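**Student:**
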Amino acid sequence: MCTSVKPALEMSLKLLALDYVNLYLMHWPMAYEQKLLEFCEKKGIVLTAYSPLGSPDRPWAKPDDPSLFEDPKIQAIAKKYGKSKAQILLCFQVQRMVAVIPKSITKSCIEENFRIFDFELDPVDMKELESFNLEARGRLCHQQWDKSHKYYPFNIEF
Ligand SMILES: NC(=O)c1ccc[n+]([C@@H]2O[C@H](COP(=O)([O-])OP(=O)(O)OC[C@H]3O[C@@H](n4cnc5c(N)ncnc54)[C@H](OP(=O)(O)O)[C@@H]3O)[C@@H](O)[C@H]2O)c1
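So the sequence shown is numbered by the UniProt record's numbering: it starts at 1 and just counts up by one.
(1) Note the first and the last residue of the continuous beta strand (DSSP E) segment covering ILE101.
(2) Is GLU120 closer than 9 Å to GLN95 when the C-beta atoms are compared?
(3) Can you round the beta-carbon distance between LEU23 and LEU37 to whole angstroms, since I take them to be within the 8 Å contact cut?
(4) Out of GLN144, CYS109 and LEU68, which has the shortest C-alpha to C-alpha gap to LYS130?
(5) What separation, rounded to the nearest whole angstrom, lies between the Cα atoms of LYS6 and ILE45?
(6) Kindly indicate which three-state DSSP category TYR152 falls into: helix, strand or coil?
(7) Quick one: using the 10 Å Cβ neighbour count with 16 as the cut-off for buried, is PRO63 buried or exposed?
(8) Quick check for students: name the residue ranges of the alpha helix (DSSP H) that lie wholly in the UniProt domain "NADP-dependent oxidoreductase" (33 to 133), counting only runs of 4 or more.
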């Protein structure tokens, strides 16, 4: 029985008799998942960050949930580069080789979210942004409804 992502992926590959999959869905954003990223890199898997902006409009947000958009440190980095907070958050992920799928219904935001390839965050700011990693507390989609499932993946480090 699988209780984690890594063995779950390995088991899926074995059962499917495949060396790799094109898309493997996992349900936790906002935690930076460095170990998982390193594992995926070794396997040639591109990790995708959904809710890369912290999903501020999610209906189940609680008042004490962390908010990336409201953090003054993000604001300061954005000011330094003359970019928006969203662009900084997206650039951060892309620079660490994580694909991003931000969602917006606003034309100007959609356009803004594409303009992240004309600048680079320096190592100091990358480190600063890494320090936002909240591990499990940063997971905004907990999938409580399938907690009792035998493959529920949130019980181990990755
Ligand atoms: N497979 C899964 O289990 C799963 C789970 C979660 C999310 N997802 C997918 O991942 C995608 C993104 O997730 P998400 O919508 O939860 O979170 P998100 O992309 O982190 O945040 C979306 C929010 O950010 C706002 N926004 C977008 N660009 C902005 C910008 N440049 N400046 C200011 N605000 C901006 C949007 O506003 P407006 O829309 O009002 O413009 C919206 O309120 C969605 O397509 C979602 O379906 C998949």
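Ideal placement from N, C-alpha and C gives every residue a C-beta, glycine not left out. If you're wondering where the values come from, they're calculated on a predicted model, not measured in any experiment.
**Tutor:** Quick answer:
(1) 99 to 101
(2) yes
(3) Not confirmed; about 16 Å, so no contact.
(4) Checking the sequence shown, residue 130 turns out to be Glu, not Lys. Considering only alpha carbons, the answer is LEU68.
(5) 12 Å
(6) coil
(7) exposed
(8) 34 to 43, 72 to 81, 85 to 95, 107 to 114 and 123 to 130
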